[in-house]
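One structure is given here, and the rest of the page talks about it.
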Amino acid sequence: MPRRTHRKSRNGCLECKRRHIKCDEKHPQCGNCRSSERVCEYADRFRSSTTRSERSNASTPTNAWPSPGVGPSTPQPPGEQPAVEPVTTTCSEDQPVNMVHAELLFNLVTETIPSLGDTAFFGGLSPDLMRVGISTPYLINELLALSALHSSIVRPAERERYRRHAAQLQTHALEILGQERRDVTQETCVPLFIFSSTLGLHMLCDTVIYREKSSFDAFLDQFVHYLKLHRGVRAITSEAWEALRGSILQPMLQYGQEKFAWDADLGPECQRIMDLIEAARLGEKTTAVYRQAVRALQVSIHATGVKDADPGVKFIGGITGWPVIVEVEYIEMLELRRPEALVILASYGVLLHQARHVWAFGDGGRFLIETIQAHLGSQWETWLEWPSKVLRESQG
């Protein structure tokens with residue numbers, strides 16, 4: 001099926017640019033943001049009358065890195081709510097403290113990272129890792145963006161305010177990363193790896209919590225976009241894997257390697273899915289793609305450390321890891337709405353449902369499973385037996 005194309009708009013809202021979709025440019029809220037209940041704001045609201053010399057240091061990000069294509073925001077005119085400024089290391093030393101950033105950093109250290117359970121996911125609160133974060137502008141912007149996203153969920157009264165901060169700080173992070181275009185080296189690989197992990201969690205949370213509600217197709221397109229971007233950023237760090245193994249991340253990487261056991265046998269649930277795929281005679285190439293996706297799912301199930309409907313995922317890296325370790329051909333099958341690929345995705349929804357107590361996932365697993373059930377219909381009940389069983393048992 002040919003891919004739909006559209007003319008890029010220079011005047012679309014920030015949210016549509018961040019999501020790489022066409023904006024109808026309606027004011028005060030575009031159609032996409034209205035239908036998906038998102039914060040809709042336009043770049044011209046965040047531009048001030050700064051002089052050309054004051055803007056000379058701002059450059060347009062290149063296509064070398066994933067970027068939402070939105071330039072850094074400058075202060076708003078008086079009387080309007082201020083935009084979120086990027087966190088940089090080039091500010092004048094006599095600048096006043098940015099209270100928003102201070103609040104988000106405090107929340108990151110005391111609430112966001114501890115709330116994720118297994119501190120090995122971020123290396124805990126290691127001083128060395130925190131030092132990397134505060135000395136790397138694109139990384140600290142994304143870390144604070146995750147903190148803002150967390151706050152938007154646990155503080156519903158201020159949801160829209162924190163969502164705006166999260167979106168704009170993430171935009172700044174991607175733009176700064178795009179502008180730097182650094183080679184992947186021993187020095188740069190550590191912040192890049194932490195960034196890819198943080199961005200992956202941020203995007204997964206944004207996809208399943210603040211999900212598209214207009215249709216199944218819209219949600220699946222959003223999920224596929226998340227998969228592609230997460231894989232793209234993580235692929236950059238794979239160039240320096242050996243350097244990472246000799247870095248301060250070595251204990252965290254060793255822990256993850258022990259969790260992701262590729263030599264483990266398929267459990268009964270994954271074996272059942274694989275038996276159905278084999279019996280369907282889909283052809284060797286397609287079957288091989290699904291076989292790898294199911295194997296990756298089993299590895300992720302093992303890594304989370306829980307079974308069936310019991311909440312209490314011990315390692316959320318098992319959840320955020322699966323989107324990275326599936327092959328790109330599987331993502332293409334999802335994009336084509338192949339039912340077998342959707343069954344595997346619904347089974348991944350079980351992992352999300354097991355972590356429903358974690359703010360980043362909430363009811364995302366249930367939504368994923370129930371939406372796929374409704375899309376495929378009763379003829380696929382046998383294939384969806386495990387996800388359906390988990391939902392029933394979790395209600396009991």
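Going by UniProt numbering, the first residue of the sequence shown is number 1, and it counts up by one from there.
Backbone N, C-alpha and C fix where the C-beta goes; we use that ideal spot for every residue, glycine too.
Identity of the residue in the options nearest residue i by Cα
i: ASP275; options: ALA218, ASP217, ILE344; result: ILE344
i: GLY232; options: GLY200, HIS375, ALA280; result: GLY200
i: THR371; options: LYS213, ARG159, LEU104; result: LYS213
i: THR286; options: PHE315, THR198, LEU336; result: LEU336
i: TYR366; options: SER151, GLU239, GLN354, GLY321; result: The sequence shown places Arg at residue 366, rather than the Tyr named in the question. Here the closest residue by C-alpha is GLN354.
i: LEU108; options: ARG159, ALA157, ALA166, GLU160; result: ALA166
i: ARG164; options: ASP206, VAL289, GLU175, SER135; result: ASP206
i: LYS324; options: PHE219, ARG155, TYR162, SER300; result: Per the sequence shown, residue 324 should be read as Val rather than Lys. The shortest C-alpha separation from VAL324 is found at SER300.
i: LEU227; options: SER247, MET130, HIS202; result: HIS202
i: PHE223; options: LEU368, GLU393, TRP383, CYS13; result: LEU368
i: LEU342; options: ILE140, LEU220, LYS22, VAL100; result: LEU220
i: SER152; options: ARG272, ILE209, HIS230, LEU351; result: ILE209
i: VAL100; options: ASN141, ASP128, ILE113, MET130; result: ASN141
i: GLY364; options: LYS389, TYR330, ILE319; result: ILE319
i: ARG356; options: HIS20, ASN32, ALA102, SER115; result: SER115
i: LEU129; options: ARG38, MET252, GLY321; result: MET252
i: TYR138; options: GLY256, GLY31, GLU175, ARG159; result: GLU175
i: SER197; options: ALA235, GLU332, ASN32; result: ALA235
i: ALA229; options: ARG18, ALA102, ASN11; result: Contrary to the premise, residue 229 reads as Leu rather than Ala in this sequence. The candidate whose alpha carbon is nearest that of LEU229 is ARG18.
i: GLU160; options: TRP380, LEU352, ARG38; result: ARG38
i: ALA261; options: ARG338, GLU25, GLY305; result: GLY305
i: SER35; options: MET333, ARG211, GLY133, GLU329; result: ARG211
i: LEU169; options: ASN98, ALA157, ARG281, LEU146; result: LEU146
i: THR382; options: ARG272, SER238, GLY267, CYS33; result: ARG272
i: ALA280; options: SER238, TRP380, ASP183; result: TRP380
i: LEU266; options: GLN254, ARG291, GLY256, TYR255; result: ARG291
Residue i and residue j closer than 8 Å at C-beta
i: LEU244; j: PHE193; result: yes
i: THR185; j: ALA264; result: no
i: LEU177; j: LEU144; result: no
i: TYR162; j: ALA173; result: no
i: CYS16; j: GLN29; result: no
i: THR386; j: GLU258; result: Reading the sequence as shown, one finds Trp at residue 386 and not Thr. No, they are not a contact pair.
i: ILE277; j: GLU180; result: no
i: VAL190; j: ILE248; result: yes
i: PHE216; j: HIS375; result: yes
i: TYR348; j: LEU384; result: no
i: ALA303; j: GLY321; result: yes
i: SER388; j: GLN373; result: yes
Closer than 8 Å to chain C by CB, residue i
i: VAL97; result: Of the chains in the structure shown, none is chain C; there is only one protein chain.
Contact belief for residue i with residue j at Cβ below 8 Å, rounded distance in angstroms
i: GLU327; j: VAL294; result: GLU327 to VAL294, Cβ: 12 Å. No contact.
i: VAL358; j: ILE316; result: 6 Å
i: HIS150; j: GLU111; result: 7 Å
i: LEU14; j: THR136; result: Contact flag wrong, Cβ pair sits at about 24 Å.
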